Structures are given as C-alpha cells and as structure tokens.
Amino acid sequence: MTRDILVNVAYIGASILFILGLKMLGRQVTARRGNLLSAFGMLLAIMVTLLDRGIVSYTWILVGLAIGTAIGASCAGLVRMTAMPEMVALLNGFGGLASLLIGAAEFVRIRLGTVVPEQPAFTATAIALAVFIGGITFTGSLYAFAKLAEWLSGRPLLFPGQHAVNAGLLVIAATAGTVQAAGGDPQTVLIAFAALTALALLLGWMMVMPIGGGDMPVVISLLNSLSGLAGCAAGFVIRNNVLIVAGCLVGTSGMILSLIMCKAMNRSLRNVFFSGFGAKRRVAAGGEMTGELKPISAENSFAVLEAARQVVIIPGYGMAVSQAQHAVRELAELLEQNGAEVRFAIHPVAGRMPGHMNVLLAEANVPYEQLVEMDTVNPLMPTMDVAIVIGANDVVNPAAVRDPASPIFGMPIINAHEARTVICLKRGQGTGFSGLENQLFLLPNTRMLYGDAKASLQGVIGEFKSLAAG
Ligand code: NAP
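The structure is reproduced here in structure tokens:
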C-alpha cells in the first residue's frame, strides 16, 4: 500500500515536470531547460516503473534499452535538419506500434489466463482502443514518412469512392472492436481482435493516401496526437497513471499544434484530410501567369542592398534545403554595419514544420529580437526598402490575398510584394510546396537572384567584403 502511494506520488511529480517542461518550451529562452525538465520527469517515471512493476527479468529490458539508445543517438547525430519531419513521423509511428503491442500482449496474457483483469470489459475496451489507434498511427506514419522522404510520390492518391470505402472500413473496425470488448465465445473474440488489428493497419495507410505531401506536416502533427491517445489507452490497459497523463499531454498538444497549423494556412482539418489538396499543379491569379521574370546578379543585388536602410529577410523552406542560415546571419551583420536596420520576418508555416525557421536561425545565432512575427511585420512592409526572400514561395504568394479563385486564398502571408524592391533567391522556376506558381516573382519591383540560396548569399557577401577591403 505504502509502496503504491510512493509510486503514485513519484508519478504525480513526473507529470508536473512534463507540464512545466511543456510550458517552458513555449519561449525560446526557457525552451532548452523545459526540454531537460521534461526529460528528467520521464527518467523519474521510468525508474519508478522499473522498481515498481513485477519485472520478471531485466535482460530484455536492457537489450531493448541498448538497441534503442544506439539507434536514437545515431539518428540524433545523423539526421539532417531538413529531414526532421520524416524523423518525427517515424517516431510517432513507433509510439503507435508500441501501444498496439502492449494491447496485443495484454490480450494474449488474458486469453492464456496469465492475468485476470479486475474489470474485464473496461480492460478489453482499452485494449481495443490501444490496438486500433496504435495501428492507424503506425501505418499512417510510415506512409507519411515515405511521402516526405520522397520514397513515394507526394501527390494525393484518390480513387472514386475512397472516402466511402474508408468510412465503411471504420464501421467494420468499430464493430470488431465492440465484439472483442464485449467478450463471449473465445473463437469469435479472437477473430474480432485479429480483424480489428488488420483493419487499423489498413486504415492508417488508406487515410493518409489521399492527402498531398504539402499537408504532411499537419498529418504528422495529428498522428503525433493519435500516438499520445494510443499511449493513453495503453496506460489504461496496464493501469499505469503516468502513461495515461503523458499520453493525454501528447494527444492534446498534438491536436492544438495541428489546429494552429491549419489556422496559419486558413484551412480546416476537414479540408486537409478530405480535399486532396495538391492533386494538380496549378497557376496563380486568373489562371495565367503574366509578366516576366527579371534576373539580377549578385553585384547588382549588392548595389541595391548597399543603398537600403530598412531590410527585411523572409526565409522559407529553400533556406533549410541549402543550409543558408549562417550565410544569412553574416549578410544581416554586414547590412547592419552598413547602417541598415534588419528584421527577419517569420511565417508560422514557413519550411516544413512549425518553428523550422526559428530553429535554423537560432542555430546560426541570429538574435531572437530580430525575429519578427508576420502580424508585426506586415504593417511595416510598405516602409521596407528591400525584402530578401530566401527560398520562400507559398508564404509570400500574393494570390493568397488577391485571387479569390486561388486554392490558398485567405491563407495569411508575409506581404513581401509591398516592399519597394523584392529580391527572391531560388534555384529556378520551381513552384512552392502547394504546387502554385507565384505572381510575386513577376511583379515590376521583383528581381530573381537565381542559384542555390547559400551560394547566392555568399556572392552578395563577397561584394560587401570586397567593398570593405577596397
Ligand atoms: P515553399 O512554398 O515550399 O517553397 C520553397 C522554395 O524554395 C521553392 O520555390 C524552391 O524553388 C526554393 N528552393 C528549394 N531549394 C532551394 C535552394 N537550395 N536554394 C534556393 N531556393 C531553394 O516554402 P515556404 O514558402 O517556406 O512554404 C512552406 C509550405 O509548406 C507552405 O505551403 C506551407 O503551407 C507548407 N506547410 C508547412 C508547414 C509547417 O509547419 N512549416 C505545415 C504544413 C504545410 P526552386 O525549386 O526554384 O529553387
């Protein structure tokens, strides 16, 4: 009894650490400490669980720990920053698989009579939920991973009646789950459990299939939320309070993040999941792109920037691809030395995951105070001498505010087009992730600095340096 109380007190302590850690992640200055605090909470929870539970043998736990640590540590070192969304997708998937396996193991133990649950119907329902949500999370995450890693096409795969088929599968799975939870004839329960598992795995795949690559970050965030809910259900299966709390926290935070992303794109979750957004390549305003792209050289970009007093830098996914963040910081410093005021305008969904640009710029030691949010910078845009758009496309596409026919109409953007001069750094004619052409590139005040963003920036930096040397 005293042991139980001590364990639960430790679990409450761990849960408080999780919540405080999450709160501290909301601010850049406290984020690192928040992460450590949550990690410490998890360590406490694991230690207490290892001491508490009737562990038969530590051998398999140690083997799992050694393999997991080796894989985790090498991934942390090897995975490129641009591949982080794929990595998160895989981690979510394995979280879902773990919950599915916990549910399946408990199902087998109950059938073999190794354990007799206190409340059979409740435990059977929790098992059904852990297996169902865990299974969907596992295969859905694997599909999302394959799309993001470009192992599979990022295009949505739609076939006639697909949503009806998915709805049908969902109904059959719910029936199988109910039959399994209701108990009764062992043979029927076993068949229902097997059907539930297979349908969950199939549904995860089928539900992600019709969603375009551009929406994968939202899907991944939602799958993250599902992995939390599956963990929560697994917590009920094995009656582990800290797993229930941690699962709920992951479930709700993932859902909040998904909704924030949808809001930043002016889309609904329903639209993300069922519209097949990105199925076709599209052009912008009025259907046809008009005007011409006007290239500019590094020397001429330097001439424009040298005279500028107000400069705003708008980074996007291309900055991450070319790993140009250090060069961007160097250019910003040179501009400031030249007397310009420099701001970094950050769109909430620039890049491929929330906070993508903030992380990269922080890594390059760009002062946090220079980072300005979209709503703050937009009113200042007409006063900007130069807007430097670095590998950003959709987040500066004026079709979102000008063209009611555009699929991204209504999505908040950074109004780069309002700056006196816009210099866009990109490699060629590539569209944004939504597949839309961008009218910004054709405006009379826009110049295209073609090439890899890092190389282009280094070209401009070279000009600044040769001026200083000369
Ligand atoms: P984007 O629309 O994907 O455009 C990136 C641009 O970078 C492309 O036009 C590409 O053109 C250029 N580029 C690629 N590699 C480059 C390189 N090495 N050097 C220079 N340029 C390079 O990017 P974004 O404006 O950041 O928009 C993000 C998109 O992701 C939005 O559609 C958003 O809705 C979506 N999304 C993001 C999140 C999130 O959480 N961040 C979530 C959901 C959806 P070239 O090929 O011509 O070089």
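At position 454 of the sequence shown (counting the first as 1) the number is 453 in numbering that gives the first Met the number 0, and the numbers step up by one without a gap. For each residue, glycine too, the CB sits at the ideal point set by N, CA and C. All of these numbers come straight from a predicted model, not from anything done at the bench.
In the structure shown, the three-state DSSP call for Leu157 is coil. By the criterion of a C-beta distance shorter than 8 Å, Val236 is surrounded in its chain by Ile101, Gly102, Glu105, Thr122, Ala125, Ile126, Ala129, once the five residues flanking it on both sides are discounted. In the pairwise beta carbon analysis, the stretch 261-268 is classified as not touching the stretch 56-67: fewer than three pairs are separated by under 8 Å. Shortest Cα-Cα distance from Gly227 to any of Gly450, Leu292, Gly92 involves Gly92. Taken in chain order, the complete alpha helix (DSSP H) segments of 4 or more residues contained in the stretch 55-137 are 58-77, 83-111.
Secondary-structure assignment with DSSP links Pro397 through no beta bridge to anything. Not one heavy atom of the ligand NAP sits closer than 6 Å to the Cβ of Asp402.
In this structure Gly95 is not in contact with Ser37, their Cβ atoms being roughly 20 Å apart against a cut-off of 8 Å. The beta carbon of Leu21 is closer than 8 Å to those of Gly33, Ser37, Leu248, Ser252 in its chain, skipping five residues each way along the sequence. Here the stretch 443-457 lies against the stretch 414-429, with 3 or more beta-carbon pairs under 8 Å apart. DSSP places Leu448 within a strand segment (E or B) once states are collapsed to three. Taking 7 Å as the cut-off, the beta carbon of Thr136 is found closer than this to the beta carbon of Ala229. In this structure, Gln309 sits near Asp384, with a CB-CB distance shorter than 7 Å. Remark: C-beta atoms of Gly176 and Phe131 approach each other more closely than 7 Å. When C-alpha distances from Ala339 are compared across Met208, Leu202, Ala386, the shortest belongs to Ala386. Between Ala323 and Leu456, the C-beta gap is smaller than 7 Å, which places the two residues in contact.
Nearest to Val376 by alpha-carbon distance, out of Ser433, Asn392, Ala415, is Ala415.
Not a single heavy atom of the ligand NAP lies less than 6 Å from the C-beta of Asn91. Scanning Ile255, Ile171, Asn270 for the CA closest to the CA of Ile210 turns up Asn270.
With contacts defined as CB atoms closer than 7 Å, Val371 and Arg342 qualify as a contacting pair. As the crow flies, the alpha-carbon of Gly246 is around 9 Å from that of Leu225.
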